[in-house]
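Protein chains: 2
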Amino acid sequence: MTISKEAIVAAHQRIAPFIHRTPVLTCSTINSFAGCEFYFKCENLQKIGAFKIRGGMNAALQIPESDRKNGLATHSSGNHAQAVAFAARMLGVPAYIVMPETSPKVKVEAVKGYGAEVHFCAPNQQARESLLNEIVEKTGAYFIHPYDNYEVITGQATAAKELIEDSPDLDFILAPVGGGGLLSGTLLSAHYFSPKTAVYAGEPEGAADAILSVKSGKIEKAPYINTIADGLLTSLGERNLPIIREFVKEVLLVSEDEIKAALRIVYERMKIIVEPSCVVPLAAVLRNRSLFEHKKVGIVFSGGNVDVTKISSWFV
Amino acid sequence: MTISKEAIVAAHQRIAPFIHRTPVLTCSTINSFAGCEFYFKCENLQKIGAFKIRGGMNAALQIPESDRKNGLATHSSGNHAQAVAFAARMLGVPAYIVMPETSPKVKVEAVKGYGAEVHFCAPNQQARESLLNEIVEKTGAYFIHPYDNYEVITGQATAAKELIEDSPDLDFILAPVGGGGLLSGTLLSAHYFSPKTAVYAGEPEGAADAILSVKSGKIEKAPYINTIADGLLTSLGERNLPIIREFVKEVLLVSEDEIKAALRIVYERMKIIVEPSCVVPLAAVLRNRSLFEHKKVGIVFSGGNVDVTKISSWFV
Numbered sequence: 019m020t021i022s023k024e025a026i027v028a029a030h031q032r033i034a035p036f037i038h039r040t041p042v043l044t045c046s047t048i049n050s051f052a053g054c055e056f057y058f059k060c061e062n063l064q065k066i067g068a069f070k071i072r073g074g075m076n077a078a079l080q081i082p083e084s085d086r087k088n089g090l091a092t093h094s095s096g097n098h099a100q101a102v103a104f105a106a107r108m109l110g111v112p113a114y115i116v117m118p119e120t121s122p123k124v125k126v127e128a129v130k131g132y133g134a135e136v137h138f139c140a141p142n143q144q145a146r147e148s149l150l151n152e153i154v155e156k157t158g159a160y161f162i163h164p165y166d167n168y169e170v171i172t173g174q175a176t177a178a179k180e181l182i183e184d185s186p187d188l189d190f191i192l193a194p195v196g197g198g199g200l201l202s203g204t205l206l207s208a209h210y211f212s213p214k215t216a217v218y219a220g221e222p223e224g225a226a227d228a229i230l231s232v233k234s235g236k237i238e239k240a241p242y243i244n245t246i247a248d249g250l251l252t253s254l255g256e257r258n259l260p261i262i263r264e265f266v267k268e269v270l271l272v273s274e275d276e277i278k279a280a281l282r283i284v285y286e287r288m289k290i291i292v293e294p295s296c297v298v299p300l301a302a303v304l305r306n307r308s309l310f311e312h313k314k315v316g317i318v319f320s321g322g323n324v325d326v327t328k329i330s331s332w333f334v
Numbered sequence: 019m020t021i022s023k024e025a026i027v028a029a030h031q032r033i034a035p036f037i038h039r040t041p042v043l044t045c046s047t048i049n050s051f052a053g054c055e056f057y058f059k060c061e062n063l064q065k066i067g068a069f070k071i072r073g074g075m076n077a078a079l080q081i082p083e084s085d086r087k088n089g090l091a092t093h094s095s096g097n098h099a100q101a102v103a104f105a106a107r108m109l110g111v112p113a114y115i116v117m118p119e120t121s122p123k124v125k126v127e128a129v130k131g132y133g134a135e136v137h138f139c140a141p142n143q144q145a146r147e148s149l150l151n152e153i154v155e156k157t158g159a160y161f162i163h164p165y166d167n168y169e170v171i172t173g174q175a176t177a178a179k180e181l182i183e184d185s186p187d188l189d190f191i192l193a194p195v196g197g198g199g200l201l202s203g204t205l206l207s208a209h210y211f212s213p214k215t216a217v218y219a220g221e222p223e224g225a226a227d228a229i230l231s232v233k234s235g236k237i238e239k240a241p242y243i244n245t246i247a248d249g250l251l252t253s254l255g256e257r258n259l260p261i262i263r264e265f266v267k268e269v270l271l272v273s274e275d276e277i278k279a280a281l282r283i284v285y286e287r288m289k290i291i292v293e294p295s296c297v298v299p300l301a302a303v304l305r306n307r308s309l310f311e312h313k314k315v316g317i318v319f320s321g322g323n324v325d326v327t328k329i330s331s332w333f334v
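Same order as they appear, the protein sequences are chains A and B. If you want my numbering, it's the 1-based position in the first sequence plus 18. If you want my numbering, it's the 1-based position in the second sequence plus 18.
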């Protein structure tokens with residue numbers, strides 16, 4: 019194992035001054051719908067509105083000062099962009115963020131609000147990476163990958179660590195899976211801090227790469243892309259896949275209708291704003307009711323940065 | 019004074035087993051926008067999604083058992099309907115709710131979900147009252163008025179009582195004003211439990227009856243009705259007006275654009291779902307910045323029952 023228990027404990031102490039200890043919320047109505055007992059770790063209420071600050075901050079703090087003095091750089095359509103921009107501001111260095119020109123305006127504004135320089139690119143992986151390389155070459159900024167980075171994974175692990183501390187004796191934890199940063203961190207924290215807790219991943223049918231990658235052992239592409247869970251579009255990282263393969267109980271797929279129904283339940287019953295990606299694990303529990311009935315189920319609500327002008331379009 | 023300090027304390031004990039003690043949340047970003055320190059009493063996270071459960075439950079518990087055995091009845095487009103339906107279920111008696119046929123579907127469903135019988139009427143005061151009278155006559159159910167009722171006012175007062183207990187030394191409290199139940203209760207609690215705290219009301223320009231009524235001393239109608247704050251459309255109650263006139267510092271008006279801007283800030287920054295009516299006081303602070311600068315400002319977020327299919331229409 020490349021990430022030790024001690025590394026996660028150290029990361030948690032390292033980032034604690036910069037993050038919120040987010041609340042774990044419960045909702046009796048949602049419990050009664052699903053027939054189990056939910057514990058929602060609300061990273062939508064985290065600084066920058068998402069768990070990504072944990073990994074971004076941990077990675078930034080681990081870079082030697084001489085290497086980070088020219089700034090931090092990354093490519094991201096959203097929350098990791100904000101995380102790196104926020105971390106750079108905390109460290110008093112510049113941030114260079116490559117964002118696809120299709121990024122939600124609210125996320126672009128937030129990144130700029132932290133004082134970062136935003137560079138737009140075409141909405142594909144190649145355009146992102148080539149523009150990023152150009153910027154890194156020109157500025158000498160330090161690149162922090164959104165998920166395929168051990169310091170990032172270690173930082174993301176601290177969300178599940180807090181959930182386990184605040185809600186002991188969980189039978190299950192579920193996390194959504196996109197690039198695999200949150201999921202691999204969650205798996206490591208469950209393994210080290212609550213070994214009897216099994217971890218499932220939730221993935222949209224319309225971005226079903228992780229389920230294939232876990233099966234084949236190679237990084238696979240999704241057969242097709244069609245989901246409102248826009249945080250989960252990417253394929254798994256090289257460093258994330260082996261951790262996920264070793265520890266995940268199963269990747270559970272959900273349909274778009276199931277994601278929308280779960281999102282509506284959270285908005286209407288919990289009165290909190292979460293991103294569509296957040297509710298993929300909840301949708302997975304509602305779809306696979308018998309697996310979770312009468313159990314204590316922790317869910318990491320990953321973020322809350324949504325474009326409010328789009329919310330209603332998810333419910334027509 | 020018709021409602022004593024002791025009556026509010028007793029009401030609080032009476033309803034405590036049936037309600038949540040809702041959290042008081044803060045948000046550093048919104049503080050920095052306004053230049054003051056906010057304490058948001060989150061009744062959107064209350065049972066039934068609104069403070070109305072406090073007054074409805076207090077009133078229902080005060081009705082002699084012989085008078086309530088035939089059930090409870092009310093007319094309401096929304097949150098008070100849910101409050102009475104919930105109270106009736108708690109007491110094991112039927113509920114008869116008259117709702118305008120234009121009521122948001124989510125509120126109708128919630129009322130039915132508590133087992134109440136819903137009767138639809140045309141969307142005007144006369145139709146509401148005449149259908150209600152018909153039902154009360156036929157069933158012998160006990161009518162609980164949404165705001166023009168001392169037990170209801172006493173119940174609503176407990177929200178500000180909790181806010182004062184949890185956030186001492188507030189310079190100001192603001193509440194929205196519709197029929198005046200929440201506002202008169204808030205004024206009484208500030209008067210009894212924190213006399214140095216001044217209370218302002220927030221009212222939409224497009225439902226500006228309270229500001230006129232406070233001036234004239236009579237129940238006035240709004241010059242025109244046009245607001246997304248659909249909880250604040252009604253005129254003041256007979257029992258509410260004298261309390262408001264005696265204690266309110268001032269009624270502050272806000273425009274629709276100001277309401278929408280405040281709503282967006284809460285959704286995007288606090289990541290919680292509140293009703294448009296909720297943010298009228300916040301909009302009033304943002305409009306009258308100099309009155310509140312550097313002060314500790316408590317705001318009662320009254321409810322969170324919104325139709326998610328409509329949210330985006332507020333932001334185009």
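Where is the CB? At the ideal position from N, CA and C, for every residue including glycine. Being a predicted model, the structure only gives us computed values, none of them experimental.
When Cβ pairs closer than 8 Å are counted between the two stretches, the region 44-61 of chain B is seen not to touch the region 78-91 of chain B, the count staying below three.
Between the region 132-145 of chain A and the region 111-120 of chain A there are three or more C-beta pairs closer than 8 Å, enough to call the two in contact. Listed in chain order, the positions of the region 268-293 of chain B with a beta carbon within less than 9 Å of a beta carbon of chain A are Leu281, Arg282, Tyr285, Glu286, Arg287, Met288, Lys289, Ile290, Ile291, Val292.
Residues of chain A with a Cβ closer than 8 Å to the Cβ of threonine 327 of chain B are, in chain order, Ser330, Phe333, Val334. Those residues of the region 34-52 of chain B placed with their C-beta closer than 8 Å to a C-beta in chain A do not exist. Using a Cβ-Cβ cut-off of 8 Å, asparagine 62 of chain B counts as an interface residue toward chain A, since at least one Cβ of chain A sits closer than that to its own.
Distance from isoleucine 329 of chain A to serine 330 of chain B at the Cβ level is roughly 5 Å; contact confirmed, criterion being Cβ atoms closer than 8 Å.
With contacts defined by Cβ atoms closer than 8 Å, alanine 78 of chain B and alanine 105 of chain B form a contacting pair. Threonine 204 of chain A: member of the alpha helix (DSSP H) spanning 199-211, first to last residue.
Judged by DSSP in its simplified three-state form, threonine 327 of chain A adopts coil rather than helix or strand.
Counted as a single uninterrupted DSSP element, the beta strand (DSSP E) harbouring tyrosine 57 of chain A occupies residues 55-60. DSSP, reduced to helix, strand and coil, places alanine 225 of chain A within a helical segment of the structure shown. With respect to valine 318 of chain B, leucine 181 of chain B sits close: the two C-beta atoms are nearer than 8 Å. Unbroken beta strand (DSSP E) runs of no fewer than 3 residues, entirely contained in the region 83-109 of chain B, are found at 90-93, following chain order. Taking C-beta atoms under 8 Å as the contact rule, alanine 52 of chain A and leucine 304 of chain A qualify, at a distance of about 6 Å. By the Cβ test, the region 235-244 of chain A is not in contact with the region 172-186 of chain A, since fewer than three Cβ pairs between them sit closer than 8 Å. Residues Lys314 of the same chain have their beta carbon placed closer than 7 Å to that of aspartate 187 of chain B, with the five preceding and five following residues left out of the count. Residues of the region 313-327 of chain B with a C-beta less than 7 Å from any C-beta of chain A: Gly322, Val326, Thr327, listed in chain order. Around glutamate 55 of chain A, the same chain offers Asn49, Lys314 as residues with beta carbons nearer than 6 Å, after the five sequence neighbours per side are excluded. Secondary structure note for glutamate 238 of chain A: it is in no beta strand (DSSP E), with a DSSP letter that is neither H nor E. For the pair arginine 282 of chain B and valine 232 of chain B, the CB atoms are not nearer than the 8 Å cut-off. A direct Cα-to-Cα measurement between threonine 92 of chain B and glycine 224 of chain A gives close to 47 Å.
Between the beta-carbon of isoleucine 277 of chain B and that of proline 213 of chain B there is about 30 Å, and that puts the pair past the 8 Å contact cut. For valine 170 of chain B, not one C-beta of chain A is nearer than 8 Å to its own C-beta. The beta carbon of isoleucine 115 of chain B sits closer than 8 Å to the beta carbons of Ala91, Thr92, His93, Ser94, Ala99, Val102, Ala103, Val129, Ala134, Glu135, Val136, His137 from its chain, once the five residues preceding and following it are set aside; these are given in chain order. A Cβ-Cβ contact shorter than 8 Å links phenylalanine 69 of chain A with glycine 321 of chain A. Valine 129 of chain A sits in a helix when the DSSP states are folded into three classes. The beta carbon of arginine 39 of chain A lies closer than 7 Å to those of Glu180 in the same chain, with the five residues before and after it left out. For alanine 78 of chain B, the uninterrupted alpha helix (DSSP H) segment begins and ends at 70-80. Distance between glycine 255 of chain A and glycine 235 of chain A, taken at the CA atoms: about 12 Å. Contact annotation, leucine 192 of chain B with tyrosine 210 of chain B: C-beta distance approximately 18 Å; criterion of less than 8 Å not satisfied.
Residues of the region 66-84 of chain B with a C-beta atom less than 8 Å from some C-beta of chain A are Gly67, listed in chain order.
Under the Cβ distance rule, valine 126 of chain A does not count among the residues neighbouring chain B, no pair being separated by less than 8 Å.
Within the model, the alpha-carbon separation for leucine 309 of chain A versus alanine 28 of chain B is close to 46 Å. If the five residues before and after lysine 23 of chain B are omitted, its C-beta is found closer than 7 Å to the C-beta atoms of Tyr210, all from its own chain and listed in chain order. Using a 10 angstroms sphere on the CB of aspartate 275 of chain A, the tally of other CB atoms stays under 16, which defines it as exposed.
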